[in-house]
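J.: Residue numbers (UniProt numbering): 1 to 356. Every residue, glycine too, gets a C-beta built ideally from N, C-alpha and C. Okay, handing you the structure first.
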């Protein structure tokens, strides 16, 4: 274990005690936001998990995933078990890893795993003290379970077996309704009228969720559409005959390579010498129009009294989507993919201050 002087250790604990954390456990991606000193940290990983039953041939590393071994703490059922999260889980077992999108109850069960996996991707600390605010689609059903499985002290090692141990103390300050973080973030940006009803559209990786907030931000309506989120767009591009002909493999294209090309804005496809720009232009309008039609239909009874229509989620940040939404009177929040997590961080900071 590396030597840490007493003064340095004291400095670490003073600077990082009771850090307010916003944790957005989405069906497609989990996002964790907190301040490290004055630096805003944003940790993202696919909502995927794998328990290792045998040692890795070599240690895997990614900024969007982590590895940890649980040694002791409040979760005695995890002692001696080792897990991969995010990209690492998908790399190791592409088809048999756990996807949180498979079952809504998995989010509450695996919040701790996803938080620890995210922490594994950043610089080592001997001790973490976290004050966490998370969101869930059904607070009444999952809040108590989430707190019971996440609260407490957890001693783990991040990465390989030769790494030093780290103690992670977690206090779940609150579990708020899904979308509360995005509403809070939008309010901070003055992007909505909090004195009136607000209609929001969460364009996520796996789901599209219309939501309605009453004056003051109380959630009135929340119901995912039956159609999927950005994943449906990626699959439409991946199975387009033009792309299949270019690849010449007879198989669908790689969804992750398509996603990374869209997010970078250069529409690249791995190291291939072609891009997906034309295919994206072909599919994006149909994808968005179909979801907006259903979302507007679901929220039509509140439309006339709504003071603001806003959108967030990774889908709102796709190229050209903000402009298309604007033509329908919908405002895309800046950094929409992070809106909910950043808002949860704001809630955590305020709640922690009130309790001190």
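Count the other CB atoms, across all protein chains shown, that sit within 10 Å of the CB of residue 239; report buried if there are 16 or more and exposed otherwise.
T.: By the neighbour-count rule (16 or more Cβ atoms within 10 Å), residue 239 is not buried but exposed.
J.: Looking at the ligand FAD, does it come within less than 7 angstroms of residue 302, judged from the CB to the closest heavy atom?
T.: No copy of the ligand FAD occurs in the structure displayed, which carries no ligand at all.
J.: Give every residue of the same chain whose Cβ lies closer than 7 angstroms to the Cβ of residue 6, excluding the five residues on either side of it in the sequence, and list them in chain order.
T.: With a pLDDT of 36 at residue 6, under the threshold of 50, the predicted position of this residue should be treated as unreliable, and no value is reported.
J.: Please state the DSSP three-state secondary structure of residue 5.
T.: At residue 5, the pLDDT of 36 sits below 50, so the modelled position is not reliable and the matter cannot be decided from this model.
J.: Name the two residues that bound the continuous beta strand (DSSP E) containing residue 171.
T.: First-last of the beta strand (DSSP E) with residue 171: 165-177.
J.: Output needed for residue 208: all residues of its chain with C-beta closer than 6 angstroms, excluding positions within five of it in sequence on either side, in chain order.
T.: Answer for residue 208: 225, 229, 291, listed in chain order.
J.: Among 135, 52, 196, whose alpha-carbon lies nearest the alpha-carbon of residue 176?
T.: Nearest option by C-alpha distance: 135.
J.: With respect to the alpha helix (DSSP H) encompassing residue 102, which residues constitute its N-terminal and C-terminal limits?
T.: Per DSSP, residue 102 belongs to no alpha helix (DSSP H) and is neither H nor E.
J.: For residue 116, which option in 85, 137, 89 has the closest C-alpha, if you only look at C-alpha atoms?
T.: Closest by alpha carbon: 85.
J.: With distances taken between CB atoms, is the gap from residue 98 to residue 49 smaller than 8 angstroms?
T.: The answer is yes: Cβ separation under 8 angstroms.
J.: When you compare only the Cα positions, how much space is there between residue 258 and residue 323?
T.: So the two alpha carbons sit approximately 21 angstroms from each other.
J.: Relative to the alpha-carbon of residue 181, which residue among 62, 211, 155 has its alpha-carbon at the smallest distance?
T.: Ranking the options by Cα distance to residue 181, first place goes to 211.
J.: With DSSP as the reference, please indicate the residues paired to residue 202 in a beta bridge.
T.: The partner list for residue 202 (beta bridge, DSSP) reads 209, 312.
J.: Quick check on residue 223: does DSSP put it in helix, strand or coil?
T.: DSSP places residue 223 in coil when its eight states are reduced to three.
J.: Under 7 angstroms Cβ to Cβ from residue 120, same chain only, skipping five residues before and after it: list those, please.
T.: Once the five neighbours on either side are set aside, the close Cβ partners of residue 120 are 66, 67, 68, 158, 159.
J.: Would residue 46 be called buried (16 or more neighbouring beta carbons within 10 Å of its own) or exposed?
T.: Residue 46 is buried by the Cβ-count criterion.
J.: Taking the alpha-carbon positions, what's the residue 274 to residue 145 distance?
T.: In a straight line, the C-alpha of residue 274 is about 48 angstroms away from that of residue 145.
J.: With DSSP as the reference, label residue 231 as helix, strand or coil.
T.: If DSSP states are grouped into helix, strand and coil, residue 231 belongs with the helices.
J.: Could you check how far apart the C-beta atoms of residue 422 and residue 19 are, in whole angstroms? I think they sit under 8 angstroms.
T.: Residue numbering for the chain in the displayed model covers 1 to 356; residue 422 lies beyond these limits and cannot be assessed.
J.: Return the chain-ordered list of same chain residues with a C-beta closer than 6 angstroms to the C-beta of residue 222, the five sequence neighbours on each side being excluded.
T.: Excluding sequence neighbours, residue 222 sits near 211.
J.: Is it right to say residue 89 is buried, meaning 16 or more other beta carbons lie within 10 angstroms of its own, or is it exposed?
T.: That one is buried.
J.: Candidates 170, 101, 96, 267: which alpha carbon is nearest residue 320's?
T.: Closest by alpha carbon: 267.
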